[in-house]
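Enquirer:
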Amino acid sequence: MNCTNLVELHLGSNNLEGDISMLDFSKLSQLTKLDLRNNNFTGTVPISLYSCRSLKAIGLSRNRLEGQIQAEILSLKSLSFLSIGYNQFTNLTRAMKILMSCKSLHALILSGAFKGEGMPFDDDMVDFDGFQNLRFLSLAGSNLTGQIPVWLSKLKNIEILMLGDNQITGPIPSWLGTLPRLFYIDLSDNQISGEFPKQLCRLPRLIYEAEDQYEPELPVFSNINTGNQLFHKLSSFLAIIDLFNNNMSGHIPTEIGQLQLIYELTLYSNNFSGVIPDQISNLKKLEVLDLSNNHLSGIIPSSLASLNFLRYFNMPHTITSKDQYQQAPSSKASMLLPLWGIQNFVVSHFQISVDQIRALMQIKRTTKTCTMGFINFHDLLTSFGAIPSSFFQQASNLTSFNVNNNTFTGNHLFGIIPSSLASLNFLKIFDASYNNLEGPIPTGSQFQSFDAFAFEGNPKLCGAPLPNKCRPNKGMDADNENNKDEGNGHHQLPWFYIFTALGFIVGFWGVCGSLFINKTWRYAYFRFIDNRQDRLYVMIIVSLNRMKRRLRG
Numbered sequence: 011m012n013c014t015n016l017v018e019l020h021l022g023s024n025n026l027e028g029d030i031s032m033l034d035f036s037k038l039s040q041l042t043k044l045d046l047r048n049n050n051f052t053g054t055v056p057i058s059l060y061s062c063r064s065l066k067a068i069g070l071s072r073n074r075l076e077g078q079i080q081a082e083i084l085s086l087k088s089l090s091f092l093s094i095g096y097n098q099f100t101n102l103t104r105a106m107k108i109l110m111s112c113k114s115l116h117a118l119i120l121s122g123a124f125k126g127e128g129m130p131f132d133d134d135m136v137d138f139d140g141f142q143n144l145r146f147l148s149l150a151g152s153n154l155t156g157q158i159p160v161w162l163s164k165l166k167n168i169e170i171l172m173l174g175d176n177q178i179t180g181p182i183p184s185w186l187g188t189l190p191r192l193f194y195i196d197l198s199d200n201q202i203s204g205e206f207p208k209q210l211c212r213l214p215r216l217i218y219e220a221e222d223q224y225e226p227e228l229p230v231f232s233n234i235n236t237g238n239q240l241f242h243k244l245s246s247f248l249a250i251i252d253l254f255n256n257n258m259s260g261h262i263p264t265e266i267g268q269l270q271l272i273y274e275l276t277l278y279s280n281n282f283s284g285v286i287p288d289q290i291s292n293l294k295k296l297e298v299l300d301l302s303n304n305h306l307s308g309i310i311p312s313s314l315a316s317l318n319f320l321r322y323f324n325m326p327h328t329i330t331s332k333d334q335y336q337q338a339p340s341s342k343a344s345m346l347l348p349l350w351g352i353q354n355f356v357v358s359h360f361q362i363s364v365d366q367i368r369a370l371m372q373i374k375r376t377t378k379t380c381t382m383g384f385i386n387f388h389d390l391l392t393s394f395g396a397i398p399s400s401f402f403q404q405a406s407n408l409t410s411f412n413v414n415n416n417t418f419t420g421n422h423l424f425g426i427i428p429s430s431l432a433s434l435n436f437l438k439i440f441d442a443s444y445n446n447l448e449g450p451i452p453t454g455s456q457f458q459s460f461d462a463f464a465f466e467g468n469p470k471l472c473g474a475p476l477p478n479k480c481r482p483n484k485g486m487d488a489d490n491e492n493n494k495d496e497g498n499g500h501h502q503l504p505w506f507y508i509f510t511a512l513g514f515i516v517g518f519w520g521v522c523g524s525l526f527i528n529k530t531w532r533y534a535y536f537r538f539i540d541n542r543q544d545r546l547y548v549m550i551i552v553s554l555n556r557m558k559r560r561l562r563g
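Residue 161 in my numbering sits at position 151 of the sequence shown, and the numbers go up by one each step.
1. For the beta strand (DSSP E) containing S524, list its first residue and its last residue.
2. Pick from F465, M549 and T52: whose alpha carbon is nearest that of M32?
3. Mind checking C13: buried by the 16 CB within 10 Å criterion, or exposed?
4. Which of the three DSSP states is assigned to L75 in this structure?
5. Hey, could you find the ends of the beta strand (DSSP E) I178 is sitting in?
6. What does I170 pair with, by DSSP beta-bridge criteria?
7. Comparing alpha-carbon positions, which option in P450, N304 and D540 lies nearest G473?
8. Of the residues G267, S429 and K208, which one's Cα is nearest the Cα of S9?
9. What is the DSSP secondary structure of Q336, counted as helix, strand or coil?
10. Check C13 in the structure and name its three-state DSSP category.
11. For S36 versus S61, is the C-beta distance shorter than 8 Å?
12. Give the single residue among R212, P190, S58 and L70 whose Cα lies nearest to the Cα of K164.
13. Between the alpha carbons of L118 and R74, how many angstroms are there, rounded?
14. Using alpha carbons as the reference points, say which of T453, S443, N445 and Y444 lies closest to P428.
15. Does the Cβ of V55 have 16 or more other Cβ atoms within 10 Å, making it buried, or fewer, making it exposed?
16. Which of the three DSSP states, helix, strand or coil, is assigned to T276?
17. Could you tell me which of G151, W505, M549 and S312 sits nearest to G126, measuring between CA atoms?
18. Since I believe F141 is in contact with M110 (beta carbons under 8 Å), could you give me their beta-carbon distance rounded to a whole number of angstroms?
19. Taking the straight line between their C-alpha atoms, what separation do you get for N153 and I94?
20. Do the CB positions of H305 and N281 come within less than 8 Å of each other?
21. Over the uninterrupted alpha helix (DSSP H) stretch that includes A105, give me the two end residues.
22. Less than 8 Å separating the beta-carbons of Y278 and L296?
23. Along the chain, where does the beta strand (DSSP E) that runs through L44 open and close?
24. Could you tell me the boundaries of the beta strand (DSSP E) in which V285 lies?
25. Specify, as a first and last residue, the run of the beta strand (DSSP E) that K470 falls within.
26. For T276, verify whether its CB is less than 7 Å away from any heavy atom of the ligand MG.
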């Protein structure tokens with residue numbers, strides 16, 4: 011390479027291949043950014059690369075590189091961004107010992123680069139005083155073993171910590187909640203045990219707005235196709251705590267309500283028990299809440315209705331017995347949730363009644379539209395009642411509705427499919443199979459396009475796309491009207507008769523009023539009537555005389 015004035019080299023995502031160690035970077039003294047990500051390079055990182063003393067950002071991730079990180083990388087005094095993940099490097103402990111001395115390093119992405127190794131032990135990181143400017147650390151996706159090491163507690167400037175998709179064991183250390191800048195924690199898909207530490211609910215960045223607005227801009231790559239434009243500013247990341255798919259147990263602490271700046275809380279697939287703390291309603295910025303696949307009990311707090319930004323809410327497998335789920339009065343809508351903002355609402359393996367469903371699906375009257383895109387009532391355990399039609403009259407953007415695989419008999423899911431479902435123009439997925447529904451399948455612009463499997467297991471259903479045709483049934487029409495009015499809470503006005511009466515009144519006074527006001531029109535009208543009367547009289551007399559002559563003849 012003889013381009014001595016080259017400042018940036020972007021060759022990412024080009025399916026390039028070959029031994030990268032054969033490249034000579036020694037003459038690129040002005041090079042500040044090197045992007046070779048998403049290619050098929052092999053070999054080791056060339057030593058000549060470390061002679062580019064102006065380098066600020068190196069991207070070598072998603073290749074087939076191997077070997078170990080060399081100490082010569084310390085000659086890159088300006089290096090602030092290093093992404094070498096998803097390669098076949100070895101000796102993570104050695105790499106961390108070397109990289110901790112890179113004083114300018116702000117972002118270190120080693121995801122998937124040291125497969126199956128152990129997390130560097132504290133004994134291996136003796137006299138740890140490095141990474142003082144590190145703000146982003148990712149060791150995710152590497153199947154690393156061991157526990158969360160104590161040396162991470164010395165990263166006082168760390169903001170984003172990604173340790174997900176490993177084999178980390180042991181509890182979450184309490185000191186994690188003392189890191190002053192940490193706001194993004196991903197410990198998902200591990201084998202972490204123990205309780206949710208209360209100290210984690212004291213993270214300053216999740217409680218108070220940051221007073222220190224200084225944020226270094228990372229010298230990374232602007233190619234929008236690579237997705238790395240996100241790293242220009244770490245503030246682009248939303249505040250989250252991801253602990254899903256672990257072995258954590260105990261209660262969700264009430265102190266969780268202190269995390270008022272959090273956007274995403276995912277605790278699904280753990281062993282949490284107890285009730286859902288009402289304090290979750292204090293998380294006013296929360297957009298994603300997933301507590302599914304735990305052992306929670308009690309009721310869904312009605313205060314969750316205050317979470318106006320919530321767009322994903324998943325709580326299947328959480329309530330398992332009828333006694334644990336208290337009745338929610340539908341008249342008060344005590345289970346009110348802000349469904350106008352939720353795009354994915356999943357309620358499965360619940361033991362729930364029709365009144366509770368009505369309350370859950372109550373939409374505030376002040377909203378104009380419902381942006382919900384996905385509803386799943388899967389594997390419900392007890393009575394559901396009739397499918398409430400009033401909800402679908404407002405959920406105009408619904409794209410998926412699933413109530414399949416329910417074992418309802420007798421006093422369970424029954425009745426007809428509401429005709430209001432046919433008006434959902436965006437509905438793409440519908441599955442009401444294996445219930446006890448009856449009557450005709452509503453006709454609509456696309457309702458008959460669904461596969462017959464979506465309605466199978468309901469022997470009393472009829473109409474397309476099912477092969478059995480419907481027979482005329484006046485009683486069914488009456489039932490349909492009753493179902494259509496269900497949940498409205500007030501009498502539907504007979505608009506047809508009202509408009510008929512109004513039309514008669516307007517027409518009558520339009521004619522009579524004109525004759526009363528305009529004298530000329532009135533005289534002309536009466537003359538017209540007299541002429542018609544005389545002509546009609548003559549026609550009748552003539553007709554009668556003709557009939558008499560015929561009878562005599």
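Cβ coordinates follow ideal geometry from the N, Cα and C atoms, glycine included.
Expert: The relevant details are as follows:
1. Start at 1 with the first residue of the sequence shown, and residue 524 comes out as number 514. Not the beta strand (DSSP E): S524 falls in the alpha helix (DSSP H), residues W505 to I527.
2. The count along the sequence shown starts at 1 and reaches residue 32 at position 22. Minimum Cα distance to M32 is reached at T52.
3. Indexing the sequence shown from 1 puts residue 13 at position 3. C13 is exposed by the Cβ-count criterion.
4. Mapped onto the sequence shown, residue 75 falls at position 65. Looking at L75 - three-state DSSP - the assignment turns out to be strand.
5. For the purposes of this step, residue 178 is identified with residue 168 of the sequence shown, where counting begins at 1. It spans Q177 to G180 - the beta strand (DSSP E) in which I178 sits, taken as one unbroken run.
6. Here residue 170 corresponds to residue number 160 of the sequence shown, with the count starting at 1. Its beta-bridge partners are F146 and Y194.
7. Along the sequence shown, read from residue 1 onward, the residue named residue 473 stands at position 463. If we check each option's Cα against that of G473, P450 comes out closest.
8. Any answer about residue 9 is impossible in this case: the structure gives the chain only from 11 up to 563.
9. Along the sequence shown, one-based indexing puts residue 336 at 326. Bear in mind that the predicted position of Q336 carries a pLDDT of just 35, short of 50, making it too unreliable to give a figure here.
10. The residue labelled residue 13 in the question sits at position 3 within the sequence shown. Correct three-state label for C13: coil.
11. Counting from one through the sequence shown, the residue named residue 36 turns up at place 26. Counting from one through the sequence shown, the residue named residue 61 turns up at place 51. Yes, these two residues count as a Cβ contact at 8 Å.
12. On the sequence shown, position 154 is the one that residue 164 refers to. Ranking R212, P190, S58 and L70 by Cα distance to K164 puts P190 first.
13. If you number the sequence shown from 1, residue 118 lands on position 108. If you number the sequence shown from 1, residue 74 lands on position 64. Near 19 Å, if we compare the C-alpha coordinates of R74 and L118.
14. Here residue 428 is taken as the residue at index 418 of the sequence shown, counted from 1. The option with the nearest alpha carbon to P428 is T453.
15. Taking the first residue of the sequence shown as 1, we reach residue 55 at position 45. The residue in question, V55, is buried, as its Cβ has 16 or more Cβ neighbours within 10 Å.
16. The count along the sequence shown starts at 1 and reaches residue 276 at position 266. The DSSP-derived three-state label of T276 is strand.
17. On the sequence shown, residue 126 is found 116 positions in, with the first residue counted as 1. Out of G151, W505, M549 and S312, G151 has the C-alpha closest to the C-alpha of G126.
18. The sequence position of residue 110 within the sequence shown is 100, counting from 1. The sequence position of residue 141 within the sequence shown is 131, counting from 1. About 5 Å separates the two Cβ atoms, so the contact holds.
19. Mapped onto the sequence shown, residue 153 falls at position 143. Mapped onto the sequence shown, residue 94 falls at position 84. Going by the C-alpha atoms only, they are around 16 Å apart.
20. For the purposes of this step, residue 305 is taken as residue 295 along the sequence shown, with counting starting at 1. For the purposes of this step, residue 281 is taken as residue 271 along the sequence shown, with counting starting at 1. Cβ distance < 8 Å, so H305 and N281 count as in contact.
21. Looking up residue 105 in the sequence shown gives position 95. First-last of the alpha helix (DSSP H) with A105: L102 to L109.
22. If you number the sequence shown from 1, residue 278 lands on position 268. If you number the sequence shown from 1, residue 296 lands on position 286. The answer is no: Cβ separation not under 8 Å.
23. Numbered from 1 along the sequence shown, position 34 holds the residue referred to as residue 44. K43 to D45 is the span of the beta strand (DSSP E), which, as asked, contains L44.
24. As a working note, residue 285 is residue 275 in the sequence shown. Unbroken beta strand (DSSP E) run through V285: N281 to V285.
25. For the purposes of this step, residue 470 is taken as residue 460 along the sequence shown, with counting starting at 1. It spans K470 to C472 - the beta strand (DSSP E) in which K470 sits, taken as one unbroken run.
26. With respect to the ligand MG, the structure shown offers nothing to examine, as it has no ligands at all.
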